[in-house]
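**Student:**
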Amino acid sequence: MTTMDTRVQPRLLDAAAADLGEHHRGHGPIPWQGGVGRMIGELQSAGLTGRGGAGFPTWRKVAEVATAARAVVVANGAETEPGSRKDDTLLRRCPHLVLDGVQLLVEATGADEAYLYVKPGDAMASVRHALTERHGWDRVAVRVVAAPNRFVAGEESAVLAAIAGRPARPADKWLPVVHSGLRGRATLVQNVETCAHVAQIARNGARWFRGLGTRDEPGTMLVTVHGAVREVPIGIALSELVTGPVLVGGYHGAWLSSPAPHLSRAALAPFGAAPGAGVLHPLAPGRCGLVETAAITRYLAGESAGQCGPCRNGLPATAALLSALADRTAPPDAVHRLDHLTGLVVGRGACRHPDGTARLIRSTLTVFGDEVRLHLAGRCSR
Amino acid sequence: MTDALWYLGRGTGVMALVLLTISVALGVAARSGEPLGPLPRFAVTAVHRNSGLIASVLLVGHVVTLLLDPYAQLKLIDVLVPFLGTAEPFWLGLGTLGLDLLLAVVVTSLLRMRVGVRGWRAVHWVSYAAWPVSLLHTLGMGTDAATPWLLALSVLCFVAVAAAAVYRLTLRAEVSR
Amino acid sequence: MTTLHIDWTACHGRGLCAELLPELLATDPWGYPIARTGGDVDVPAELHADAVTATKFCPRLALRLRAR
Ligand SMILES: Cc1cc2nc3c(=O)[nH]c(=O)nc-3n(C[C@H](O)[C@H](O)[C@H](O)COP(=O)(O)O)c2cc1C
Ligand code: SF4
Ligand code: SF4
């Protein structure tokens, strides 16, 4: 893979517009596709994947929802991942781009309801203001719903619960939300960055979109490093963004001992990692990876919605054991027990919170293996 | 012949009370989440369900025989609407109430998959009312109330459910400690 | 072929299912069913009847069978 130039022209972040007039001058009206099929085909050719973390091909979700009679579109701007600022930045700088994308998804799915879910604050104010300007632009009025600042509140079924006026907790997935979401209707939940990409693909075409990124994972993505948001082509060398050991993909992500690989699903998969929502946490110099991860795990355990037994019991047990390891008070079989505990929680919850937490723990034990041995011997290299 | 109906009516009534007691006691005890001694949990559940079902069948027998029995002077309306009967309206009404409550519990339980766990649980709570109501009905209405054997049986039923409740509450207290 | 789906938000870990389907389910240290295969549980034809019983006996209605 060739190293990408980091100084390519940003796409999303360049589309900033203070108001609808400026947005219109820069980008024109909403590029309606004239029906259900075209947008789906264009998204498929573009190869756009979700930017909310799971990286699922967007066209497949859209096509699934488009088959239903009365669909719902939800733009997910919850951004509950600590340290992530990209959705906030996008919604403050180019709310109209995101809202154009929402309308195009409304057209593509034939939806008659649309929501934007975002935490109260500047981003929400920006969206609300933008919506007041858009009378006559939008096919379906977008309702803004407040997201609570809890980690699992951004998970798609939790988003739908919040919109329905219930606590923002994930629900069982007997039927996937694309078939049975808000009030049982087929529902398309897309991250707000994904929506912005949809708008740009509709304007500029799939070929243009594929001009950056890798062949299998085209386009750009927003990343947050130390609270700063950048737009980079997928497949960029991580070494251009960070140095030293780094936690890739946020708190549900995985540690890398060095930023050697590139930022794409394919390149990170051998390391058990994935780009996720683009959050990079470099290990601060002089800090111990075990101590850092123990703190993160305690946070994640506290953010369990407490509904599913394995998650409610397993995450606190994991956090306690990892904390003991960090404090050098862990029993000698701590690693074995952590392996066992993470094995017990994977795939055993209504959402992927336990899975994400297990991934973090496993990468920690691998990447900081030397540190683990030192800690078990009562020492620490830091 | 009419004597036979009268005895059958009382017999089915008493047996229904006994089976209902078994069902309630097991239901109360099993809800603690701990297995009952060496019994597998599903076995406890199976006995709980089946004794409840048989109790309802016996109850229907109890009502039908007494409807047919001229001595009992039971009218159809008394079977469904409590506290209207001419003879012993209060004690009879308790029986009617118990029947209505039990029917609600049984019907929602048989349709549990449709009703959903919330609605089912809400209705199931009334089984806690159906049991004491039935016990009082037996004691008050039963022509046998004065007989020592019915008194003894009632005490046994009461002890069974009380023991189950104590078992469950102590277990829960241990768990929450 | 059917699969057994567990609604983790409903399951209270009472373990009836593991008693009825020991071939497919064990219990974890907290009493919750753990699929011997992971995820939704594949139910072979000969265990279908037992699996149906398990769905009916689950006190929380947390189990459902899905035809494949
Ligand atoms: C615990 C948890 C938290 C999540 N939080 C967010 C979030 O804050 N924002 C978001 O867009 N997606 C979040 N997701 C992913 C969503 O469930 C969903 O996959 C996503 O919004 C779909 O949009 P996309 O396909 O455009 O990425 C979360 C998932 C999990 C399991
Ligand atoms: S897996 Fe954990 S975080 Fe997800 S719904 Fe269940 S209890 Fe909540
Ligand atoms: S029987 Fe139902 S509630 Fe009990 S452990 Fe199994 S799935 Fe959970």
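Protein chains in written order, with the UniProt record's numbering: chain A, 1 to 382; chain B, 1 to 177; chain C, 1 to 68.
For every residue, glycine included, the Cβ atom is placed at its ideal position computed from N, Cα and C.
(1) Please confirm if A51 of chain C has its CB atom under 8 Å from at least one CB of chain B.
(2) Should S126 of chain A be labelled buried (16 or more other beta-carbon atoms within 10 Å of its own) or exposed?
(3) Under the assumption that V144 of chain A contacts V118 of chain A (Cβ atoms under 8 Å), give the Cβ distance between them as a whole number of angstroms.
(4) How far does the alpha helix (DSSP H) with W131 of chain B in it reach, from first residue to last?
(5) Tell me, please, whether the stretch 197 to 217 of chain A touches the stretch 67 to 86 of chain A by the rule of three or more beta-carbon pairs shorter than 8 Å.
(6) Can you say whether N76 of chain A is buried or exposed, counting buried as having 16 or more other CB atoms within 10 angstroms of its CB?
(7) Could you spell out the range, first to last residue, of the beta strand (DSSP E) harbouring G77 of chain A?
(8) Where does I40 of chain A fall in DSSP's three states?
(9) Taking Cβ-Cβ distances shorter than 8 Å, what residues in chain C pair up with Q307 of chain A?
(10) Classify G119 of chain B as buried or exposed, calling it buried when 16 or more other Cβ atoms lie within 10 Å of its own Cβ.
(11) In terms of residues, what are the limits of the beta strand (DSSP E) holding E231 of chain A?
(12) If A18 of chain C and R60 of chain C are in contact, beta carbons under 8 Å, what's the gap, nearest whole angstrom?
(13) Name the residue from A:L188, A:S157, A:L344, A:G349 whose alpha carbon lies nearest to the alpha carbon of D28 of chain C.
(14) Does E19 of chain C come within less than 8 Å of chain B when only Cβ atoms are used?
(15) CA-CA distance, G110 of chain A and R185 of chain A?
(16) Based on the DSSP secondary-structure assignment, which residues constitute the bridge partners of M221 of chain A?
(17) Taking 6 Å as the limit between beta carbons, can you name the residues of its chain near T243 of chain A, skipping five residues before and five after?
(18) Work out the CA separation of P259 of chain A and D5 of chain A for me, nearest whole Å.
(19) Going along the chain, which residues of its own chain have a beta-carbon closer than 6 Å to the beta-carbon of A319 of chain A, five neighbours each way excluded?
(20) For E143 of chain A, which three-state DSSP category applies?
(21) Using beta-carbon positions only, say whether P170 of chain A and E155 of chain A come within less than 8 Å of one another.
(22) Cα separation between A295 of chain A and R166 of chain A?
(23) Does ligand 1 have even one heavy atom less than 7 Å from the beta-carbon of C311 of chain A?
(24) With W8 of chain C and R348 of chain A assumed to form a contact (beta carbons below 8 Å), what rounded beta-carbon distance in angstroms separates them?
(25) Helix, strand or coil: how does DSSP classify G119 of chain B here?
(26) Which ranges does the beta strand (DSSP E) cover as unbroken runs of at least 3 residues, wholly within the UniProt domain "Ferric oxidoreductase" (12 to 133) of chain B, from first to last along the chain?
(27) The alpha helix (DSSP H) with Y299 of chain A in it runs from where to where?
(28) Between R177 of chain B and chain C, is there a C-beta pair that is closer than 8 Å?
(29) Would you call the stretch 31 to 48 of chain B and the stretch 58 to 67 of chain B in contact, with 3 or more CB pairs under 8 Å?
(30) Short of 6 Å in beta carbon distance, which residues of its chain neighbour P148 of chain A, apart from the five on each side in sequence? Order them along the chain.
(31) Where V52 of chain C and N191 of chain A are concerned, what is the direct C-alpha to C-alpha distance, given to the nearest angstrom?
(32) Listing by chain order, which chain C residues have their CB less than 7 Å from the CB of P40 of chain B?
(33) R169 of chain A: beta carbon under 7 Å from a heavy atom of ligand 2?
(34) Name the two residues that bound the continuous beta strand (DSSP E) containing E113 of chain A.
(35) Which residues does DSSP pair with Q190 of chain A in a beta bridge?
**Tutor:** In brief:
(1) So no, A51 of chain C is outside the interface.
(2) S126 of chain A should be labelled buried.
(3) A Cβ-Cβ distance of about 7 Å is found for the pair V144 of chain A and V118 of chain A, placing them in contact under the 8 Å criterion.
(4) Unbroken alpha helix (DSSP H) run through W131 of chain B: 127 to 141.
(5) The stretch 197 to 217 of chain A makes no contact with the stretch 67 to 86 of chain A, as fewer than three CB pairs between them are under 8 Å.
(6) With 16 or more Cβ atoms within 10 Å of its Cβ, N76 of chain A is classed as buried.
(7) For G77 of chain A, the uninterrupted beta strand (DSSP E) segment begins and ends at 72 to 77.
(8) The answer is helix: DSSP assigns I40 of chain A an H, G or I state.
(9) Within 8 Å Cβ-Cβ: W8, T9.
(10) The residue in question, G119 of chain B, is exposed, as its Cβ has fewer than 16 Cβ neighbours within 10 Å.
(11) Unbroken beta strand (DSSP E) run through E231 of chain A: 228 to 233.
(12) Rounded to whole angstroms, the Cβ separation of A18 of chain C and R60 of chain C is 14 Å, and the two are not in contact under 8 Å.
(13) Ranking A:L188, A:S157, A:L344, A:G349 by Cα distance to D28 of chain C puts A:L344 first.
(14) Taking Cβ atoms only, chain B reaches closer than 8 Å to E19 of chain C, which makes this a yes.
(15) Going by the C-alpha atoms only, they are around 12 Å apart.
(16) Answer is A:V232, bridged to M221 of chain A.
(17) Spatial neighbours of T243 of chain A in its own chain (CB-CB distance under 6 Å, excluding positions within 5 residues in sequence) are not present.
(18) With a pLDDT of 47 at D5 of chain A, under the threshold of 50, the modelled position of that residue is not reliable, and no figure is offered here.
(19) Excluding positions up to five away in sequence, the list reads T297, R298, A301.
(20) It should be noted that the sequence gives Arg, not Glu, for residue 143 of chain A. Per DSSP, reduced to three states, the secondary structure at R143 of chain A is strand.
(21) For P170 of chain A and E155 of chain A, yes; Cβs fall inside 8 Å.
(22) Counting only the Cα atoms, R166 of chain A lies some 30 Å from A295 of chain A.
(23) No - ligand 1 has no heavy atom lying nearer than 7 Å to the Cβ of C311 of chain A.
(24) Correct: roughly 6 Å between the Cβ atoms.
(25) It is helical.
(26) Fully enclosed beta strand (DSSP E) runs of 3 or longer: not present.
(27) Its alpha helix (DSSP H) spans residues 289 to 302.
(28) Because R177 of chain B sits at a pLDDT of 42, beneath the cut-off of 50, its placement in the model cannot be relied upon, and the following sentence gives the value as read from the coordinates. So no, R177 of chain B is outside the interface.
(29) No, they do not touch.
(30) Excluding positions up to five away in sequence, the list reads A168.
(31) Taking the straight line joining both Cα atoms gives about 39 Å.
(32) The answer, in chain order, is E19.
(33) At a cut-off of 7 Å, the beta-carbon of R169 of chain A counts as near ligand 2: some heavy atom of the ligand is closer than that.
(34) That run of the beta strand (DSSP E) goes 113 to 118.
(35) In DSSP, Q190 of chain A forms a bridge with A:A75.
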